[in-house]
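J.: Residue numbers (our numbering): 4 to 218. If you scroll down you'll find the structure; I have some questions about it.
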């Protein structure tokens with residue numbers, strides 16, 4: 004049983020809410036592609052329309068590839084994933100968004116896929132903590148043994164996402180919905196991986212940590 008009292012969603016509800024989250028993430032760039040095609044059909048602003056289509060298609064592709072690793076099966080049950088794939092997905096995501104610089108350090112390794120999913124979901128939690136953009140430093144320590152993931156963010160209007168704190172501390176009072184499912188999934192993955200989640204906030208940075216729980 005999960006240690007956290009907020010981790011109560013059934014399998015079907017979890018799947019449905021995660022699907023809603025993925026659809027929410029890709030509907031904007033897909034809609035922009037459609038808008039660009041309509042402009043082409045009208046014969047107005049061909050150059051601008053093509054730029055919009057190219058940019059939006061890239062954004063949609065990046066988001067779908069990220070979602071496949073962060074939320075999808077990505078192989079058979081119990082499969083392992085190269086952390087290099089996670090690094091590329093995170094950096095491509097930030098490049099497509101054009102507002103945050105990502106640095107990544109630590110050994111490259113093949114680790115259980117749920118730990119890679121946890122890392123990418125913690126990336127999304129941290130990313131949402133700098134809505135105006137900024138800098139994000141990701142460090143992997145001992146990924147193949149006593150894994151420890153450290154993500155530090157710096158930027159304007161920094162914040163620790165409230166829903167993440169409530170779910171991580173077991174104090175969420177309302178039902179999980181499509182807006183809070185991503186931090187919920189992050190906490191669930193940490194529980195499944197036997198890793199503890201903590202965060203440290205100061206005036207100039209916020210650090211999110213996932214580390215192997217003490218035996």
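Glycine included, every Cβ here is placed at the ideal spot set by N, Cα and C.
Is it the case that the Cβ atoms of residue 164 and residue 205 are separated by a distance below 8 Å?
T.: Cβ atoms of residue 164 and residue 205: not closer than 8 Å.
J.: So, are the CB atoms of residue 143 and residue 192 less than 8 Å apart?
T.: Going by C-beta atoms, residue 143 is not nearer than 8 Å to residue 192.
J.: Using 7 Å as the cut-off, classify the Cβ of residue 149 as near or not near the heavy atoms of the ligand COA, replying yes or no.
T.: By its list of ligands, the structure shown contains no ligand whatsoever, and the ligand COA lies outside what it can speak to.
J.: Figure out for me which residue from 84, 67, 66 and 212 has the closest Cα to the Cα of residue 116.
T.: If we check each option's Cα against that of residue 116, 84 comes out closest.
J.: If the criterion is Cβ atoms closer than 8 Å, does the pair residue 198 and residue 216 meet it?
T.: Cβ distance < 8 Å, so residue 198 and residue 216 count as in contact.
J.: What does DSSP give as the partner residues of residue 153 in its beta bridges?
T.: DSSP lists 142 and 212 as partners of residue 153.
J.: Counting along the chain, where does the beta strand (DSSP E) carrying residue 204 start and finish?
T.: Run containing residue 204: 198-204, per the beta strand (DSSP E) assignment.
J.: Report the three-state DSSP secondary structure of residue 59 (helix, strand or coil).
T.: Three-state DSSP puts residue 59 in a helix.
J.: Expressed to the nearest angstrom, what Euclidean distance is found between the alpha-carbon atoms of residue 166 and residue 37?
T.: C-alpha separation (whole angstroms): 33 Å.
J.: For residue 108, count neighbouring C-beta atoms within 10 Å of its own C-beta (all shown protein chains included) and say buried if the count is 16 or more, exposed if not.
T.: With fewer than 16 other Cβ atoms within 10 Å, it is exposed.
J.: Just how far apart, CA to CA, sit residue 186 and residue 145?
T.: When rounded, the distance between both Cα atoms is 24 Å.
J.: Check whether the region 17-26 and the region 173-184 are in contact - that is, three or more C-beta pairs closer than 8 Å.
T.: In short, these stretches touch, since the Cβ pair count reaches three.
J.: Grab the span of the alpha helix (DSSP H) containing residue 88 for me, first residue to last.
T.: Start and end: 86-100.
J.: Assign residue 186 to one of three DSSP states: helix, strand, or coil.
T.: DSSP places residue 186 in helix when its eight states are reduced to three.
J.: Can you grab the Cα-Cα spacing for the pair residue 12 / residue 184, in whole Å?
T.: Straight-line Cα distance between these residues: approximately 10 Å.
J.: Return helix, strand or coil for residue 33, following the three-state DSSP convention.
T.: Looking at residue 33 - three-state DSSP - the assignment turns out to be helix.
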